[in-house]
Every structure is written in structure tokens, then in C-alpha cells.
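Take 763 as the starting number for the sequence shown in our numbering and just add one per residue.
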Amino acid sequence: MNDPNLVAVTQPYKLQNRIWGSVNRYFSETYSRRSTGRSVASLEQRNNLYLLADQTVAFGIEGDFVEIGCQDGATARVLASVLDHHQAERQLHVYDTFDRDPVPGIGRLNRFDRNFRVNGLRYPIVHRGEIETTLANELPERIAFVHIDLAVGQLPDLHSQSMWKCLEMVYPRMSVGAIGVLMDYHDPDRTVGGWDANPGVKQACDRFFRTKPECIQILYGGSCSHAFFRKVW
763 MNDPNLVAVT
773 QPYKLQNRIW
783 GSVNRYFSET
793 YSRRSTGRSV
803 ASLEQRNNLY
813 LLADQTVAFG
823 IEGDFVEIGC
833 QDGATARVLA
843 SVLDHHQAER
853 QLHVYDTFDR
863 DPVPGIGRLN
873 RFDRNFRVNG
883 LRYPIVHRGE
893 IETTLANELP
903 ERIAFVHIDL
913 AVGQLPDLHS
923 QSMWKCLEMV
933 YPRMSVGAIG
943 VLMDYHDPDR
953 TVGGWDANPG
963 VKQACDRFFR
973 TKPECIQILY
983 GGSCSHAFFR
993 KVW
């Protein structure tokens, strides 16, 4: 059954989302070829990340924090600030190749380092390399919170494959009650505003969770799109 409150909120955006869908797909494919790797997380998305990550610590969910795809560390710093606020002993693990940078002569990892140190945050455990390889060998035993942000840089089918592989490796290690945030998950029928930057995210997530007990919940991300799920068992 459709939630009448959800329908009332999302109905005005359905036509808008579908009209912009073709424009967004073109822009996504064009932008992906440029491979700038810039962080495009909106303020609303960062606020959601903080609140959801904070829940896992406040409710005592077992495990570390994980971010897959961290760009220059904009959202990783949000997660680190949650751990610092709670003076939590758990670790933040970040996974990225750090191999493509839009700012010549600086380097993504150098910018990542600088941004953490300037903000006085505890430095995370950095897993540099091909993400599928590092995830296969270097994930923490238990995960309380994971943010998957593979960013723009692949065509939808390839992005979908990468997203699926990430979910396959991360999901079994998530504790009961753990939260996973899915960057760029965009549903034209439910997302309010947003931008379908990476259609492969929804393709992979809908297929992956079809046989799982979890439900994907849409988050309001302002000009960007994302969603989350909470591990049931």
C-alpha cells in the first residue's frame, strides 16, 4: 500500500524527475568521461550522514565505520567528527584509489591528508588501491556504518557491477542495526528533487535487496540524491 503522506510529498516531483531524467543521463555520461572525481555531497547529505552515523554510536551498534570512495574527504570528515564527538574507540576505514585528481600538482591523497589535519580530526585508516581488492582483503571484522560513494566515472552497467560487488563484501560484515548509506540512489517516483547522477546505483541496489529483508529508505539530499538501509539480521 502506498503511504498517502509520501505520495503527497513526492507527487509534484515525479514529472519533474522524469523530464530531467534524460538530461541527467546525458550529463552523467559526459561528466563521467571527464573523471574529475570531485566531491558533490550536498549540505543536506552531510547532515543526514552525521545523524545516521551518530545513531549507530548512540545505540551501541557493534563495529567500525567504513567509507567506500572518499574523494577529498568531505564526507569522511563528517563521519570522523561523529567518532570524535563520542570519543569512540572504533575506527574509520576509508577506501579509494586516490589516482585521479582534478587539481594538478596537489594530489587527492595530499588534499585528503591536509583537510583532515586542518580540521583537527583523528586520522582514519586509509586503504589505498583498487577498491574491490582492498575490500576483499582489508575490511574490518564488524561494521556499524558504511557509506558507499563510488562517484561519477563509470557508465551505468559498469557502475552497477561495482556497486553490487561492494554490497556483496560489506553486507555480511554489517552488525544487526548497522546503517548503510547509498550515495546517488535516485528513485524518480520517490526522490524529492535530487539528481540521477549514477543510475547504476539503483540498478544494483534494487537487485541486491530483492532477496533481503531490508528496505531502502529515500533520504532528502537537496540537489543530490541518496538513500539508506538498516541491517535487520
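Positions of the beta carbon are idealized from the N, C-alpha and C atoms, including for glycine.
The model shown is predicted, which means the values in this text are computed figures rather than measured ones.
Contact set for residue i: own chain, Cβ-Cβ below 7 Å, skip 5 residues either direction
{"i": "residue 980", "result": "949, 952, 953 and 989"}
{"i": "residue 846", "result": "883 and 884"}
C-beta atoms of residue i and residue j nearer than 8 Å
{"i": "residue 825", "j": "residue 898", "result": "no"}
{"i": "residue 894", "j": "residue 927", "result": "yes"}
{"i": "residue 925", "j": "residue 912", "result": "yes"}
{"i": "residue 956", "j": "residue 987", "result": "yes"}
{"i": "residue 909", "j": "residue 851", "result": "no"}
C-alpha distance - residue i paired with residue j, whole-angstrom precision
{"i": "residue 842", "j": "residue 901", "result": "17 Å"}
{"i": "residue 818", "j": "residue 995", "result": "15 Å"}
{"i": "residue 920", "j": "residue 969", "result": "15 Å"}
{"i": "residue 810", "j": "residue 870", "result": "25 Å"}
{"i": "residue 905", "j": "residue 935", "result": "6 Å"}
{"i": "residue 822", "j": "residue 873", "result": "32 Å"}
{"i": "residue 881", "j": "residue 833", "result": "16 Å"}
{"i": "residue 997", "j": "residue 967", "result": "Because residue 997 is not part of the residues shown, which for the chain are 763 to 995, the question remains open."}
{"i": "residue 878", "j": "residue 839", "result": "7 Å"}
Best match in the options for proximity to residue i [C-alpha to C-alpha]
{"i": "residue 805", "options": "882, 827 and 836", "result": "836"}
{"i": "residue 944", "options": "937, 861, 983 and 875", "result": "983"}
{"i": "residue 918", "options": "964, 831 and 832", "result": "964"}
{"i": "residue 803", "options": "947, 967 and 993", "result": "947"}
{"i": "residue 844", "options": "974, 937 and 820", "result": "820"}
{"i": "residue 896", "options": "985, 858 and 875", "result": "858"}
{"i": "residue 937", "options": "813, 808, 993 and 814", "result": "993"}
{"i": "residue 831", "options": "848, 892, 816 and 813", "result": "892"}
Contacting residues, own chain, Cβ-Cβ under 6 Å from residue i (five flanking each side not counted)
{"i": "residue 991", "result": "942, 976 and 978"}
{"i": "residue 827", "result": "841, 854 and 907"}
{"i": "residue 860", "result": "870, 871 and 890"}
{"i": "residue 922", "result": "962, 965 and 966"}
{"i": "residue 888", "result": "856"}
Contacting residues, own chain, Cβ-Cβ under 8 Å from residue i (five flanking each side not counted)
{"i": "residue 971", "result": "977, 978 and 991"}
{"i": "residue 768", "result": "A caution first: residue 768 carries a pLDDT of 49, below 50, which makes its placement in the model unreliable, though a value can still be read off. 952."}
Beta strand (DSSP E) runs contained entirely in the stretch 919-962, provided each spans 3 or more residues: 936-945
Along the chain, which unbroken stretches of the beta strand (DSSP E) at least 3 residues long are found entirely within the stretch 839-882? 854-858
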